[in-house]
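Below is one structure; the comments refer to it alone.
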Amino acid sequence: MLKLIRALSEYNGPTYDGAVMAKAAIRATDLSDGEYLTRPVKMAPPRMGVMEAYREGAASLTVTLLRPLVRAGEMPEVMPQGEKLLSFVIDKDEINAYLDAVNDTNSIHRGDNPVVPGLCMVERLWRELDKPMPLNWDVKFKMPAFAGETIDVYKNGVALDGYCGGRELFSIAVKGR
């Protein structure tokens, strides 16, 4: 999966530095090594962009990036729904290894209190679930997680929802196989 993500980062480059990921759609039947292509789907610089990395007939990753207009204020605490599946922590070392692997240069993922890249959380969850294939996930990112925070994942019907400290981080709609 990292090669697919890296292709997207190489296309994106510094264009959306400081942007946050709002959505991602991952479709894959084969994530073996190969050349991945990229293309813009919709561009509305400097605030929004939709881009895709893909290998025909094998895999695609389509993401919506947004540059926030204002910082999020205090959010009400959200109670997790469903059955708790697992917990994990992504520390600065894992973030830096991920950033190097996919060539992500977004400045919000660096420094003293870095934001965990959204696809880093998704890729880690995919590994924790023993890399299920085919992969057909629609991800909505809601709030950031920061290095060192515990991410709890709950199964809620056909969704996988991530929480941290009363914040809902993401919701993944797992589509039929």
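Numbering (the working numbering), first residue to last: 1 to 177.
Backbone N, C-alpha and C fix where the C-beta goes; we use that ideal spot for every residue, glycine too.
Close CB contacts of K175 within its chain, under the 6 Å cut and outside five residues either way in sequence, are with N136 (chain order). About 14 Å separates the beta carbons of I95 and V122, which is beyond the 8 Å limit, so they are not a contact pair.
In this model, Y154 and Y11 are separated by some 33 Å (Cα to Cα). The C-alpha of M143 lies about 11 Å from the C-alpha of G166.
The Cβ atoms of A7 and A58 lie no closer than 7 Å to each other.
DSSP places Y54 inside the beta strand (DSSP E), whose first and last residues are 48 to 55. From the listed residues E149, I108, Y36, M1, the smallest Cα separation to L66 is found for I108. Between E149 and the set E128, P134, P114, F141, the nearest pair of CA atoms involves P114. In the structure shown, the three-state DSSP call for I26 is strand.
For N156, same chain residues with a beta-carbon under 6 Å away, outside a window of 5 residues either side, are Q81, G82 in chain order.
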